[in-house]
Amino acid sequence: MIDAIENSAYAVWVRESPSIFAYTTILSLHAIGLAIIVGIHTLIALRLLGFVPGIPLQPLRKLFPWMYLGFTINLFSGTSLLMANLSNDLGNWLFLCKLGFIALAMINLELTRIYVFDKPAAAGATAATTALPKHSGTFAIAALVLWSLAMVAGRFTAYPNFVEAWLGF
Amino acid sequence: MQALSDFLLTLPIGDFVATHDWVWPFCETLHFVGMCTLLGTVGVVDLRILGVGKGIPIHLLEKFVPLGVIAFIVNATTGFIFIAGNPVGGPMEYLSNLSLQIKMIIVLIAGINLVIFYVTGIEKKVAGVPPDGNAPGSAKAVAAVSIFAWIMVIIMGRFIMYNDTLLYALGL
């Protein structure tokens, strides 16, 4: 199964084509999607932590579709890169940690959308104000911590031997 | 270029990188964090100027720009460490890399673009736009150049390690 995916025409093209649109462009898209979703979520998190309190919350809700765009770009590019290197990636515990952190970060993103932006009354505040709903700070800290962990694990996916030596494995 | 490479080799950065295996991946991670922060601050101001997220007062969003500048300084510093401390091919491997050269030119364009925004009075016009209002065309032009430039910086940054595919596409 893993071999079949790794040897599929698409996976081979991603991995081996000298075309500028293969591995290099897909890898670039992955960085762009990362910058979009994590960048915007960081800005929203800082606002929820009390920075620039004059910015009203509700208009920030309009940035969520852009974060979903970033996520979609990375779901596509990430799946492509994974198919091209499936057996190595699945055997890399740092990569699996990265996926776990991303899943948690996305759950936190959805909880933030629901409880801070879409149903702020449910969290004990009124809409369309600059007042922060309950637990805003917790969602914000979770966003900063989870995205940071996802990026650290993602980058160190390329250096599992370093991490294992540091941890004494 | 050779003179610059020779100078960079006189700095102790290469030795430090070569003898501390955590420095390179640590700086890479910081470089990604800086990238996200820059796009999440400057990029969101650009988006708002282009009309996304009406209701967000642009002059308040601009208060995040200094954070973007800090992110840029982080990335300039870590980027400098990559070039000066490259443990395998030395500084010349990067300095002669077409993708990196293009990236640096676009960073320069983005910088000039930012100076134009603040020096020519466009920023003052933008700051007076009401929360639901439209930014003037001159500001939209600057914002479009900014977003395009930073996206291209990310792309050319990723191309550095795969410079061959760029050369292949250009027939070089």
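As you go down the protein sequences, you meet chains A and B in turn.
Adding 1045 to a residue's 1-based position in the first sequence gives its number in this note's numbering.
Adding 300 to a residue's 1-based position in the second sequence gives its number in this note's numbering.
C-beta atoms are modelled at their ideal positions from N, C-alpha and C, and glycine is treated no differently.
- Residues of the segment 304–316 of chain B with a Cβ closer than 9 Å to any Cβ of chain A: none.
- Taking a C-beta distance under 8 Å as the contact criterion, B/GLY471 and B/GLY385 do not qualify as a contact pair.
- At a beta-carbon threshold of 8 Å, the residues of chain A lying near B/PRO325 are ARG1200, PHE1201, ALA1203, TYR1204, PHE1207, ordered along the chain.
- Considering only A/GLY1099, A/ASN1130, A/PHE1066, the residue with the shortest C-alpha distance to A/GLU1051 is A/ASN1130.
- Taking every protein chain shown into account, the CB of B/SER399 has 16 or more other CB atoms within 10 angstroms, so this residue is buried.
- A/ILE1100 sits close to A/ARG1092, with the two beta carbons spaced by under 8 Å.
- When Cβ-Cβ separations below 8 Å define contact, B/VAL344 makes contact with chain A.
- Annotation: the continuous alpha helix (DSSP H) that includes B/TYR394 extends over 390–395.
- Judged by their CB atoms, B/ALA449 and B/ILE409 are nearer to each other than the 8 Å cut-off.
- B/PRO325 sits in a helix when the DSSP states are folded into three classes.
- Relative to the Cα of B/THR329, the nearest Cα in the group A/ILE1085, A/ASN1206, A/ALA1198, A/VAL1208 belongs to A/ALA1198.
- Around the beta-carbon of B/GLY411, fewer than 16 other beta-carbon atoms lie within 10 Å, marking it exposed.
- In this structure, B/PRO325 sits near A/ARG1200, with a CB-CB distance shorter than 8 Å.
- Going by beta carbons, B/GLY353 and A/LEU1108 fall inside the 8 Å limit.
- Cβ neighbours of B/ASN413 within its own chain (closer than 8 Å, five residues either side excluded): VAL442, VAL445, SER446, ALA449.
- If you check each beta-carbon in the segment 1098–1131 of chain A against every beta-carbon of chain B, the ones closer than 8 Å belong to GLY1099, ILE1100, PRO1101, GLN1103, PRO1104, LEU1105, LYS1107, LEU1108, TRP1111.
- Shown here, B/VAL429 sits in coil according to DSSP, grouped into three states, outside any helix or strand.
- One thing to note: A/PRO1104 has its Cβ no nearer than 8 Å to the Cβ of B/GLY428.
- Chain-order list of chain A residues neighbouring B/TYR468: PRO1063, SER1064, ILE1065, by C-beta distance under 9 Å.
- Under the criterion of beta carbons closer than 8 Å, A/ALA1195 and A/PHE1146 qualify as touching, at roughly 4 Å.
- Nearest C-alpha to A/LEU1156 among A/ALA1090, A/GLY1123, A/LEU1120, A/ALA1210: A/ALA1090.
- Distance between B/ILE451 and B/THR377, taken at the CA atoms: about 20 Å.
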